[in-house]
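The C-terminal position of the sequence shown is numbered 374 in the numbering used here, with every residue numbered one higher than the one before it.
I have placed the structure first, in the form of structure tokens, so that the comments after it can refer back to it.
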Amino acid sequence: MAFNPVPKLNVSRTLSSGAQIHVGVLAQNKQGVFFQYNQDYLARFENLSPFHLNFDGTVQPAPKLPHAGLHGVFADALPDGWGLLLQNRVFRKHGILPINITAMDRLAFVGQSALGALAFSPTSDYVEMKDETIQLDTLGLHAQALFDGETDEVLSELVASGSSGGARPKAQVYFTGDNYTQCRTQPQAHDHAWLVKFTSANLALGHEEGLCEAAYLTMALAAGLNPPEWQLLNAPERSGAEYWLALKRFDYLHNPDGTSGRLHLHSACGLLDADFRTPSMDYMDLIKATKILCKSPAMGQLQFKRAVFNLLVCNQDDHSKNWAFLQSDSGAWQPAPFYDVTFSPSPYGEHATSFAGFGRRP
13 MAFNPVPKLN
23 VSRTLSSGAQ
33 IHVGVLAQNK
43 QGVFFQYNQD
53 YLARFENLSP
63 FHLNFDGTVQ
73 PAPKLPHAGL
83 HGVFADALPD
93 GWGLLLQNRV
103 FRKHGILPIN
113 ITAMDRLAFV
123 GQSALGALAF
133 SPTSDYVEMK
143 DETIQLDTLG
153 LHAQALFDGE
163 TDEVLSELVA
173 SGSSGGARPK
183 AQVYFTGDNY
193 TQCRTQPQAH
203 DHAWLVKFTS
213 ANLALGHEEG
223 LCEAAYLTMA
233 LAAGLNPPEW
243 QLLNAPERSG
253 AEYWLALKRF
263 DYLHNPDGTS
273 GRLHLHSACG
283 LLDADFRTPS
293 MDYMDLIKAT
303 KILCKSPAMG
313 QLQFKRAVFN
323 LLVCNQDDHS
333 KNWAFLQSDS
343 GAWQPAPFYD
353 VTFSPSPYGE
363 HATSFAGFGR
373 RP
């Protein structure tokens with residue numbers, strides 16, 4: 013069967029109540045990708061990306077760079093290294109070469125599983141959705157084997173849980189109550205959403221990656237920097253790790269009636285059109301953007317404290333996608349919790365985000 017790129021996607025937003033609303037339409041042709049807001053959304057809600065997206069009913073072309081031809085706010089939903097590996101394996105299974113896949117095709121693959129509040133429909137025909145319970149050990153060991161090149165098989169549950177960013181093997185999963193041995197990739201009422209980071213001997217810190225990040229998150233909490241809620245889960249002996257790190261998703265809201273809502277999540281990369289693959293942002297940019305977006309000098313001061321923390325603890329992988337903001341239904345913005353905080357020296361000895369122009373020994 014011939015492969016045809018996705019021509020159009022409907023963009024929706026999940027509110028804190030769990031209700032979904034239509035945001036607008038993404039469409040692509042030979043000239044590129046275009047977005048148009050829905051008139052009802054314009055009348056009732058606020059701009060998803062106030063620095064680079066016009067809040068009106070015009071048809072808005074996406075820049076060619078730096079987001080693979082997408083607007084930054086929608087490119088935030090694209091997977092990175094690990095998620096791309098999973099997607100590419102599935103596409104190749106169907107005889108489709110990754111070079112023929114557009115960013116719109118990848119958004120259709122992500123569908124309802126993006127971090128944050130945005131979803132894209134119709135969902136890709138190549139996604140296998142399973143609403144089943146799976147042992148976390150099974151999921152983690154398979155992710156580790158795939159990451160280490162020990163298997164070519166890709167579990168459908170792993171694909172369904174693999175839309176988050178970053179290069180490490182991980183899974184977006186849902187736990188019921190205090191049972192952290194079994195999980196789902198599709199939520200049910202009263203489930204809690206977590207991101208579990210697995211390990212590998214081939215990572216820079218090997219199987220100690222999760223323990224190191226847990227130590228850094230502990231320091232960040234003591235410093236008042238608002239890291240995400242986290243816990244260490246016992247890893248199976250076969251994995252070579254003692255623990256896996258689980259982070260509670262801060263974009264996911266739990267309502268008393270068992271339903272779940274979302275907060276809109278927007279990275280500094282997407283907000284500022286700052287390419288996260290190259291040193292493209294300065295902490296002065298981040299602090300200024302925070303003060304303007306959040307309308308709060310105090311939030312700018314928080315980002316300054318986080319920058320100093322990154323400098324002191326050698327977290328040099330502080331690129332623009334490791335900074336984000338959350339928007340409520342009313343349109344109010346706040347910095348997201350301080351995530352991806354760990355010992356991460358750059359091979360070049362420089363921070364991805366510079367300090368007043370200095371990346372090395374600022």
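Ideal Cβ positions, reconstructed from N, Cα and C, are used throughout, including at glycine.
Given the structure is predicted, the values throughout are model-derived calculations rather than measurements.
Spatially closest choice to residue i from the options, by CA coordinates
i           : options            : result
residue 201 : 136, 271, 264, 249 : 271
residue 273 : 25, 305, 196, 140  : 25
residue 124 : 139, 181, 111      : 139
residue 73  : 42, 95, 57         : 42
residue 220 : 254, 230, 90, 192  : 254
residue 365 : 302, 341, 288      : 288
residue 86  : 65, 315, 304, 313  : 65
residue 337 : 315, 327, 353, 319 : 315
residue 382 : 40, 258, 31, 213   : Lying before the first or after the last residue shown, residue 382 is absent from the chain, which here runs from 13 to 374.
residue 308 : 60, 156, 346, 119  : 346
residue 217 : 58, 356, 67, 231   : 356
Cα-Cα separation, residue i to residue j
i           : j           : result
residue 204 : residue 310 : 30 Å
residue 137 : residue 171 : 14 Å
residue 184 : residue 223 : 19 Å
residue 194 : residue 187 : 7 Å
residue 84  : residue 167 : 30 Å
residue 277 : residue 243 : 22 Å
residue 150 : residue 234 : 34 Å
residue 330 : residue 237 : 15 Å
residue 103 : residue 109 : 7 Å
Proximity below 7 Å, CB of residue i to CB of residue j
i           : j           : result
residue 280 : residue 332 : yes
residue 18  : residue 88  : no
residue 360 : residue 240 : no
residue 82  : residue 115 : yes
residue 169 : residue 197 : yes
residue 178 : residue 291 : no
residue 206 : residue 142 : no
residue 353 : residue 264 : no
residue 61  : residue 156 : no
CB contact check: residue i to chain D, cutoff 7 Å
i           : result
residue 180 : Here there is only one protein chain, and chain D is not present.
Limits of the unbroken alpha helix (DSSP H) element including residue i
i           : result
residue 302 : 295–306
residue 41  : Run containing residue 41: none in the alpha helix (DSSP H); it sits in the beta strand (DSSP E), 32–41.
residue 133 : Run containing residue 133: none in the alpha helix (DSSP H); it sits in the beta strand (DSSP E), 130–133.
Residue i, enclosing beta strand (DSSP E) - first and last residue
i           : result
residue 77  : First-last for residue 77: undefined, no H or E at that position.
residue 168 : From DSSP, residue 168 is part of no beta strand (DSSP E) but of the alpha helix (DSSP H) over 168–172.
residue 192 : 191–196
Hey, which unbroken runs of the alpha helix (DSSP H) at 4 residues or more fall wholly within the segment 259–291?
280–284
Within the segment 80–142, ranges of the alpha helix (DSSP H) (whole runs, at least 4 residues):
84–87, 93–105, 115–122
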